[in-house]
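For the sequence shown, my numbering assigns the number 445 to the initial residue and increments by one for each residue that follows.
C-beta: ideal position from N, C-alpha, C; glycine also.
Here the structure comes first, spelled out in structure tokens, and everything after it is commentary.
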Amino acid sequence: MFGSSTSVALVMPTQSEIQLWMGALGACGLKRVTSFTSTKEAYEVCTRQQFPLFIIRMEMPELSGVTLIQKLRMTGNYGLEPQMLVCEKLDTKLVNVMAEYDLDYVTTAPFASAAVVQKIKHMLQVENNLSPGELQYREAKSAFSSGIIEMAEEKIKDVLKEAPSLEKAILLSGDIEASRGAFDAAKSLYTKALGINPKSTSAAHKLAQMYTKMGNNKAAADLLTKLAEISPYSIKLLENAGLSNFADERFDEAKRIMGKLTKLDDTNKTAASVTAEIKVKNGEFEGLVESLRKSHDEKAIIQFLNNAGAKLSKGEDIDGAISMYNAAIEQITDNKFLYAIHFNMGIAYKKKSNLAQAGLHFKRALKLNPSFEKAAEELKKMAN
């Protein structure tokens, strides 16, 4: 039950809006409110402590409200907690991502005190009096998110007995099948949901994911590229659209879509990785490391560079790998994992039979990490 003891996270861009909503929440008996004027600060705090209720402004200066909601869901700490989205106006693009994330509550401008109070009261009334079917759906969703698949399946079957055309229940049933690797069954359920609601970007997105699972990257890329235009606020959809285009070697389209994703969240690892991989493929190494700094930690940057170099070497582009490693070394001023780049550079030179350069980089790797046995072994082989 939501009441006076409920902790509320309130995210608004200005103190005047904070005061308006604090007053409205207080009028509804909600006194335990933590307010934020920064979505990045809200993200940091809300990942460390749990809030069962959120009121979030869409138009925020760092991350949009709906981006914050998605990032919080991705931590695994949040499921179907009620989250009211507050926005200037509601359009179909926003409605699409709200449907995907089961966001049922929205308040649009103008924000008059009396109207805001009524919106909050309505949300509390609904949440405190959920229908048995909605309760079962949420329990099924929670069980699925926790990996308790049999319980999720049992509960969602009960929901579908009472409401066989409930789109979100059909989609969850498809998710359960997909988690077991039953991609044909999942595809059939997603297609069924799309037949019930042909405008559902959620159903179409999941169907596209099945195309990917079944090896049809072209069909996935075709569908996801269209969906990215009508649901441009969905992080997962944009990630999958970029990845499917990359897999189908539509690199310009992949780069364009990942650019849109970076504008939503400049720390998104998938967007940065795909964009960087395209730069590597094109031999564009300038600024490569810098483009990864917001999304990757030190270790992840080195892992990316090593993997990219390994792909170039396997494709017989050893010179390309060496050029990339050289550029990376110039761009990395301080990284405790830099020894791994020098080691792989040594391996690349060894493949070219340039033993002098190979030995030089093995020695540099060992100097940076004296306990690095692989470099010591390579030097020992060369000495013999």
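Are the beta-carbon atoms of residue i and residue j separated by less than 9 Å?
{"i": "serine 623", "j": "phenylalanine 588", "result": "yes"}
{"i": "methionine 658", "j": "phenylalanine 690", "result": "no"}
{"i": "glycine 523", "j": "arginine 582", "result": "yes"}
{"i": "alanine 698", "j": "leucine 687", "result": "yes"}
{"i": "aspartate 619", "j": "alanine 607", "result": "no"}
{"i": "leucine 756", "j": "alanine 772", "result": "no"}
{"i": "leucine 681", "j": "glutamate 544", "result": "yes"}
{"i": "methionine 826", "j": "alanine 792", "result": "no"}
{"i": "phenylalanine 555", "j": "leucine 464", "result": "yes"}
{"i": "serine 451", "j": "threonine 478", "result": "yes"}
{"i": "glutamate 461", "j": "proline 496", "result": "no"}
{"i": "alanine 596", "j": "lysine 585", "result": "yes"}
{"i": "valine 510", "j": "valine 541", "result": "yes"}
{"i": "valine 603", "j": "glycine 577", "result": "yes"}
{"i": "valine 724", "j": "leucine 736", "result": "no"}
{"i": "leucine 474", "j": "isoleucine 564", "result": "yes"}
{"i": "serine 767", "j": "phenylalanine 806", "result": "no"}
{"i": "alanine 715", "j": "glycine 703", "result": "yes"}
{"i": "glutamate 621", "j": "isoleucine 640", "result": "no"}
{"i": "aspartate 710", "j": "serine 739", "result": "yes"}
{"i": "isoleucine 746", "j": "isoleucine 701", "result": "no"}
{"i": "leucine 507", "j": "threonine 536", "result": "no"}
{"i": "lysine 713", "j": "alanine 663", "result": "no"}
Which residues in the same chain have their Cβ closer than 8 Å to the Cβ of residue i, if we skip the five residues on either side of it in sequence?
{"i": "phenylalanine 816", "result": "Tyr783, Phe787, Ala809, Leu810"}
{"i": "glutamate 721", "result": "Phe690, Ala752"}
{"i": "lysine 533", "result": "Thr552, Ala553"}
{"i": "histidine 649", "result": "Glu544, Leu668, Leu671, Ser675, Ser678, Lys680, Leu681, Asn684"}
{"i": "cysteine 531", "result": "Arg501, Met502, Glu503, Gly509, Leu538, Val550, Thr551, Thr552, Ala553"}
{"i": "isoleucine 593", "result": "Ala587, Ile620, Ser623, Arg624"}
If I measure Cβ to Cβ from residue i and keep anything under 7 Å in the same chain, skipping five residues before and after, which residues do I get?
{"i": "asparagine 813", "result": "Tyr783"}
{"i": "lysine 636", "result": "Ile614"}
{"i": "lysine 818", "result": "Phe787"}
{"i": "alanine 665", "result": "Ser688, Asn689, Asp692, Arg694"}
{"i": "leucine 568", "result": "Phe446, Cys472"}
{"i": "lysine 794", "result": "Ala802"}
{"i": "serine 617", "result": "Ile600, Leu604, Leu633"}
{"i": "proline 839", "result": "Since the first and last residues shown for the chain are 445 and 828, residue 839 lies out of range."}
{"i": "lysine 780", "result": "Glu742"}
{"i": "cysteine 490", "result": "Ala453, Leu516"}
{"i": "serine 557", "result": "Leu464, Gly467, Ala468"}
{"i": "glutamine 494", "result": "Asn521"}
Identify the residues that DSSP records as bridge partners of residue i: which are they?
{"i": "phenylalanine 495", "result": "BP columns for phenylalanine 495 are empty, so no partner."}
{"i": "serine 451", "result": "Arg476"}
{"i": "tyrosine 549", "result": "Met528"}
Quick check on DSSP: helix, strand or coil for residue i?
{"i": "isoleucine 500", "result": "strand"}
{"i": "leucine 529", "result": "strand"}
{"i": "valine 477", "result": "strand"}
{"i": "glutamate 506", "result": "coil"}
{"i": "isoleucine 766", "result": "helix"}
{"i": "aspartate 741", "result": "coil"}
{"i": "glycine 659", "result": "coil"}
{"i": "leucine 705", "result": "helix"}
{"i": "isoleucine 776", "result": "coil"}
{"i": "leucine 781", "result": "The identity of residue 781 in the sequence shown is phenylalanine, whereas the question assumes leucine. In this structure, phenylalanine 781 counts as coil in the three-state DSSP scheme."}
{"i": "serine 830", "result": "The displayed coordinates of the chain run from 445 to 828. Any statement about residue 830 would go beyond what the structure contains."}
{"i": "alanine 471", "result": "helix"}
{"i": "serine 797", "result": "coil"}
{"i": "tyrosine 487", "result": "helix"}
{"i": "methionine 518", "result": "helix"}
{"i": "glycine 577", "result": "helix"}
{"i": "alanine 556", "result": "coil"}
{"i": "methionine 466", "result": "helix"}
{"i": "methionine 542", "result": "helix"}
{"i": "serine 460", "result": "helix"}
{"i": "methionine 445", "result": "coil"}
{"i": "leucine 534", "result": "coil"}
{"i": "phenylalanine 816", "result": "coil"}
{"i": "glycine 790", "result": "helix"}
With a threshold of 6 Å on Cβ separation, who are the neighbours of residue i within its own chain once the five nearest residues in sequence on each side are excluded?
{"i": "phenylalanine 498", "result": "Ala453, Gln527"}
{"i": "phenylalanine 480", "result": "Val455, Ala486"}
{"i": "glutamate 571", "result": "Phe446, Pro526"}
{"i": "aspartate 546", "result": "Leu524"}
{"i": "glutamine 775", "result": "Val733"}
{"i": "lysine 796", "result": "Ile762"}
{"i": "asparagine 513", "result": "Here residue 513 turns out to be isoleucine, not asparagine, going by the sequence shown. So the list reads Gln527, once near-sequence residues are dropped."}
Can you confirm whether residue i, when its beta carbon is compared against all beta carbons of chain B, has any partner nearer than 9 Å?
{"i": "lysine 657", "result": "Absent from the structure: chain B. Only one protein chain is present."}
In chain order, each alpha helix (DSSP H) run of at least 4 residues that lies wholly inside the segment 579-645: Counting whole runs of 4 or more residues, the segment 579-645 contains the alpha helix (DSSP H) stretches 593-606, 611-623, 627-640.
Whole alpha helix (DSSP H) elements within the segment 663-735, 4-residue minimum: Runs of the alpha helix (DSSP H) inside the segment 663-735: 679-691, 695-708, 713-725.
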